[in-house]
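As structure tokens, the structure follows; a few thoughts come after it.
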Amino acid sequence: MPKFSPEQIRTVALVGHGAAGKTTLTEALLHRAGAIASMGSVEKGSTVCDFDALEKSYQHSLNASIVHMSAGDTRIHVIDTPGLPDFVGRAIGALPAVETAAIVVNAQNGIEMITSRMMQWAGRRNLCRMIIVNKIDAENVDLPGLVSKLQGTFGKECLPINLPADGRKRVVDCFFNPSGDSDFSSVEEAHQALIDQVVEVDEALMSKYLEQGEVSPAELHAPFEQALREGHLIPICFVSARTGAGVGELLEIMVKLLPNPTEGNCPQFLKGEGPDAQPIKCQPDPSKHVLAHVFKVMIDPFVGKVGVFRVHQGTIGRDTQLYIGDGRKPFRVAHPYLLQGKEFTETDALVPGDIGAIAKVDEIHFDAVLHDSHDEDHIHLAPLEFPTPMHSLAVEPKRRGDEQRISEALHKLAAEDPTFKVTHGTQTVISGLGDLHMRYILDRLQSQYHVEVTSSPPRIPYRETITAKAEGHHRHKKQTGGAGQFGEVFLRVEPLKRGSGFEFVDQVKGGVIPTQFMPAVEKGVRQVLDAGPIAGYPVQDVRVIVYDGKHHPVDSKEVAFISAGKRAFMDAIAKARPIILEPIVKVEITAPEPKMGDIAGDISSKRGQISGTEAVAPGTVAIRAQVPLAELNNYQARLKSVTAGQGSFSVELSHYDPVPPNVQKDLATVHSKTVQTEEQ
Ligand SMILES: Nc1nc2c(ncn2[C@@H]2O[C@H](COP(=O)(O)OP(=O)(O)O)[C@@H](O)[C@H]2O)c(=O)[nH]1
Ligand SMILES: [Mg+2]
Numbered sequence: 003m004p005k006f007s008p009e010q011i012r013t014v015a016l017v018g019h020g021a022a023g024k025t026t027l028t029e030a031l032l033h034r035a036g037a038i039a040s041m042g043s044v045e046k047g048s049t050v051c052d053f054d055a056l057e058k059s060y061q062h063s064l065n066a067s068i069v070h071m072s073a074g075d076t077r078i079h080v081i082d083t084p085g086l087p088d089f090v091g092r093a094i095g096a097l098p099a100v101e102t103a104a105i106v107v108n109a110q111n112g113i114e115m116i117t118s119r120m121m122q123w124a125g126r127r128n129l130c131r132m133i134i135v136n137k138i139d140a141e142n143v144d145l146p147g148l149v150s151k152l153q154g155t156f157g158k159e160c161l162p163i164n165l166p167a168d169g170r171k172r173v174v175d176c177f178f179n180p181s182g183d184s185d186f187s188s189v190e191e192a193h194q195a196l197i198d199q200v201v202e203v204d205e206a207l208m209s210k211y212l213e214q215g216e217v218s219p220a221e222l223h224a225p226f227e228q229a230l231r232e233g234h235l236i237p238i239c240f241v242s243a244r245t246g247a248g249v250g251e252l253l254e255i256m257v258k259l260l261p262n263p264t265e266g267n268c269p270q271f272l273k274g275e276g277p278d279a280q281p282i283k284c285q286p287d288p289s290k291h292v293l294a295h296v297f298k299v300m301i302d303p304f305v306g307k308v309g310v311f312r313v314h315q316g317t318i319g320r321d322t323q324l325y326i327g328d329g330r331k332p333f334r335v336a337h338p339y340l341l342q343g344k345e346f347t348e349t350d351a352l353v354p355g356d357i358g359a360i361a362k363v364d365e366i367h368f369d370a371v372l373h374d375s376h377d378e379d380h381i382h383l384a385p386l387e388f389p390t391p392m393h394s395l396a397v398e399p400k401r402r403g404d405e406q407r408i409s410e411a412l413h414k415l416a417a418e419d420p421t422f423k424v425t426h427g428t429q430t431v432i433s434g435l436g437d438l439h440m441r442y443i444l445d446r447l448q449s450q451y452h453v454e455v456t457s458s459p460p461r462i463p464y465r466e467t468i469t470a471k472a473e474g475h476h477r478h479k480k481q482t483g484g485a486g487q488f489g490e491v492f493l494r495v496e497p498l499k500r501g502s503g504f505e506f507v508d509q510v511k512g513g514v515i516p517t518q519f520m521p522a523v524e525k526g527v528r529q530v531l532d533a534g535p536i537a538g539y540p541v542q543d544v545r546v547i548v549y550d551g552k553h554h555p556v557d558s559k560e561v562a563f564i565s566a567g568k569r570a571f572m573d574a575i576a577k578a579r580p581i582i583l584e585p586i587v588k589v590e591i592t593a594p595e596p597k598m599g600d601i602a603g604d605i606s607s608k609r610g611q612i613s614g615t616e617a618v619a620p621g622t623v624a625i626r627a628q629v630p631l632a633e634l635n636n637y638q639a640r641l642k643s644v645t646a647g648q649g650s651f652s653v654e655l656s657h658y659d660p661v662p663p664n665v666q667k668d669l670a671t672v673h674s675k676t677v678q679t680e681e682q
């Protein structure tokens, strides 16, 4: 029998900007709930959540960590997430695992970039939200100012549920038992504001309230949950993770006011693919079929692959048989675990609301849905939106023979991280969200997988295309000693719309090129597609129409038509006004407002165009622009120097545009030189 029913479970993700104090607050909550005997610290590397060696050396959370604690007869699962922009993918990934996103705000720094982003992301995922103002003990904090900034930025539904008192040494409750004085503003007024906001979702209660002037906390419970679910109320509470002020009160709020799984918004489960996908209604009932979602995967050298999941429906026990997504082969759970940071504790049963883990199931992957319904249809969650990884590095093994091990290690790292991608082309290129993310990957390769690589900026993925129609012709004829080779091809090329790729059309009449040789002609043409004639880049957006040719009954061979197709295509391209295309990316730069002019000037000097600006937080602007990727080399370092480390940016592919003629000339020159040296 599970010890806790879904109604007794709370799930909370602590999210927000780096250094707001999420990891320390998790430690303080565990301590207050009696789950740990003494509080560790981030500085000493002794917290439950930042257990990874690299987290200790960076002194920042790099992964989502899971802990649980009991308060009375309630079990609380807390996910401590990273707040550095480079690691935000792991925080976004954790959102479907919880009913409540608690956005932790640093009282010293106020609203920061990830504060705003997390408010938006959590809102879009329909999570209940609350704001925790941490570090109220610190010097030079303006708490009343911060409350009005929060309300100004995120709306008047952000209302204090408690307030600092006694010179920020404790907090006073404004909801259940409003009495006493706070350091600023009136407890009674804060109480009124909360009740006014809550009763707005329930007309009957509103009339009663207007008539009698008061309603009991018990009557307020259901509308309070509804207001949270609808985003109509975002409570603000105050804590100091360091001194413990407000931490006990926060636990009490979690137990009494945050939604249990039956009171929150279930994430959207879908069955089937694409636009035909059908929504599945999820019921947080332990007796129904199992629906659980894997929101984190760890690949540990000792334990193997670990899938961390949230149960949304049904019960997972030792004997439960589970399917993964549309997989047909079930596996037996055998050992369901609860996690406390790096510690695994085996448990009997996990019910809706529980966060658990299973080890050594190879097929498990990030974002997989676990279920027991024998259903072959693809069951999945409405897709999460992650920032696109665009900071790339080309990597090469330091030691010969390490290629295979490096490739395997990179794919394991990519399996853990939705914002890390590996591509193998002429170079192995790894992409992530920023310099720190890349450094972390290289550090992991070394410390965990014991392989070393050298890294360099990757080559820009230029493309070649044509801008006019043209004709091409080649006659391949060889008479060397014995059997000859003969094949002749006439073709036309036409530009296609940007992004359409390549089309090959056979319009040969009367068998002048016998059908068995057409694949050879196409093969020859495709050889040019991989390495275009101007500078050796892939050719795209071209239609090739083969319309005439000649063959010889004895001398026509495959090689002859490959060669004729290739040369005829090159002949046509040369006459079709070929150009080089370059990737243009959408950049979003977030920086302090006074730096906007410098940043905009810099963007213009990089052939970029500003497409808009927006205030994302008080004093912080987001600047959107389109810039050629080739101009963004080293941009992180430049932005850092322009903004004194206060700026960050994200990049996403927009489209391909022709390069300016001088760039085309330079690229062609470099190419012809390398071709010459290769031929020598
Ligand atoms: N003064 C003060 N410092 C705090 C408090 N909570 C955390 N810190 C410090 O703030 C820094 C960042 O804390 P951490 O928990 O790693 O933040 P996270 O990035 O949000 O997880 C560390 O140096 C903590 O010791 C607090 O309540 N008051
Ligand atoms: Mg942390």
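Heads up: the sequence shown begins at 3 in this note's numbering, then just goes up one per residue.
Note that CB positions come from ideal geometry on N, CA and C, so glycine has one too.
As the structure is a prediction and not an experimental result, all values here were calculated from the model.
Three-way DSSP call (helix, strand, coil) for residue i in this model
{"i": "Lys158", "result": "coil"}
{"i": "Asn664", "result": "helix"}
{"i": "Leu493", "result": "strand"}
{"i": "Asp508", "result": "strand"}
{"i": "Tyr637", "result": "helix"}
{"i": "Ser118", "result": "helix"}
{"i": "His33", "result": "helix"}
{"i": "His439", "result": "helix"}
{"i": "Glu191", "result": "helix"}
{"i": "Arg545", "result": "strand"}
{"i": "His376", "result": "coil"}
{"i": "Ile197", "result": "helix"}
Neighbourhood of residue i by C-beta distance below 7 Å, restricted to the same chain and skipping five residues each side
{"i": "Leu293", "result": "Phe271, Cys284, His314, Gln315, Gly316, Val371, His373"}
{"i": "Val305", "result": "Ala361"}
{"i": "Phe388", "result": "Gly91, Ile94, Pro420, Thr421"}
Residues near residue i in its chain [Cβ-Cβ closer than 8 Å; skip 5 each side]
{"i": "Glu633", "result": "Lys608, Arg609, Gly610"}
{"i": "Leu165", "result": "Val173, Val174, Cys176, Ser184, Asp185, Phe186, Ser187, Val189, Ala192, Phe240"}
{"i": "Leu235", "result": "Glu159, Leu161, Leu196, Gln199, Val200, Phe226, Ala229"}
{"i": "Gln628", "result": "Ile586, Val587, Lys588, Val589, Gly610, Gln611, Ser613, Ser656"}
{"i": "Gly436", "result": "Pro87, Asp88, His393, Gln638, Ser650"}
{"i": "Leu383", "result": "Pro98, Pro269, Gln270, Phe271, Leu272, His295, Asp369, Val371"}
{"i": "Asp204", "result": "Ala224, Pro225, Gln228"}
{"i": "Ala416", "result": "Phe422, Lys423, Val424"}
In DSSP terms, what residue i is bridged to
{"i": "Arg312", "result": "His295, Ile357"}
{"i": "Glu594", "result": "Note on residue identity: the sequence assigns Pro, not Glu, to residue 594. DSSP, once it has assigned bridges, lists Thr622 as partnering Pro594."}
{"i": "Arg170", "result": "BP columns for Arg170 are empty, so no partner."}
{"i": "Ser394", "result": "Ser433"}
{"i": "Ala351", "result": "Gly319"}
{"i": "Asn164", "result": "Asp175"}
{"i": "Ser650", "result": "Thr592"}
{"i": "Cys239", "result": "Ile134"}
{"i": "Ser458", "result": "Ala396"}
Integer-rounded CB distance, given that residue j should sit under 8 Å from residue i
{"i": "Phe177", "j": "Pro146", "result": "With 8 Å as the limit, Phe177 and Pro146 do not qualify as a contact, their Cβ atoms being about 19 Å apart."}
{"i": "Ala15", "j": "Ala96", "result": "5 Å"}
{"i": "Val249", "j": "Leu31", "result": "6 Å"}
{"i": "Val353", "j": "Pro281", "result": "In fact, because the Cβ distance is near 23 Å, the residues do not count as touching under 8 Å."}
{"i": "Ala396", "j": "Ala472", "result": "With 8 Å as the limit, Ala396 and Ala472 do not qualify as a contact, their Cβ atoms being about 35 Å apart."}
{"i": "Ile68", "j": "Ile357", "result": "6 Å"}
Residues near residue i by beta carbon distance below 6 Å, same chain, minus five either side
{"i": "Tyr539", "result": "Tyr464, Arg465, Glu466"}
{"i": "Ala104", "result": "Val14, Leu16, Met132, Ile134"}
{"i": "Ala37", "result": "Met71"}
{"i": "Lys423", "result": "Pro391, Ser433"}
{"i": "Ala66", "result": "Ile81, Thr83, Arg92, Ala96, Lys298"}
{"i": "Leu260", "result": "Arg12, Thr102"}
{"i": "Ala562", "result": "His478, Gln487, Phe488, Gly489"}
{"i": "Tyr325", "result": "Pro332, His373"}
Any non-hydrogen atom of ligand 3 closer than 6 Å to residue i Cβ
{"i": "Thr25", "result": "Within the structure as shown, ligand 3 is missing, the only ligands being ligand 1 and ligand 2."}
- Query: Would you call the region 512-527 and the region 577-588 touching, i.e. three or more CB-CB distances under 8 Å?
  - Reply: no
- Task: Inspect the CB distances between the region 16-33 and the region 77-94 and report whether three or more fall short of 8 Å.
- Result: Between the region 16-33 and the region 77-94, the count of Cβ pairs shorter than 8 Å is three or higher; the stretches touch.
- Query: Are at least three pairs of beta-carbons, each pair with one atom in the region 614-621 and one in the region 630-648, less than 8 Å apart?
  - Reply: no
- Query: Within the chosen definition, does the region 470-490 reach the region 553-570 through at least 3 CB pairs nearer than 8 Å?
  - Reply: yes
- Message: Check whether the region 541-550 and the region 493-512 are in contact - that is, three or more C-beta pairs closer than 8 Å.
- Response: yes
- Message: If contact is defined by three or more beta carbon pairs under 8 Å, each pair taking one atom from either stretch, is the region 440-452 in contact with the region 521-533?
- Response: no
- Query: Are the region 400-418 and the region 340-349 touching, with three or more C-beta to C-beta distances below 8 Å?
  - Reply: Judged by Cβ distances under 8 Å, the region 400-418 makes no contact with the region 340-349, as fewer than three pairs qualify.
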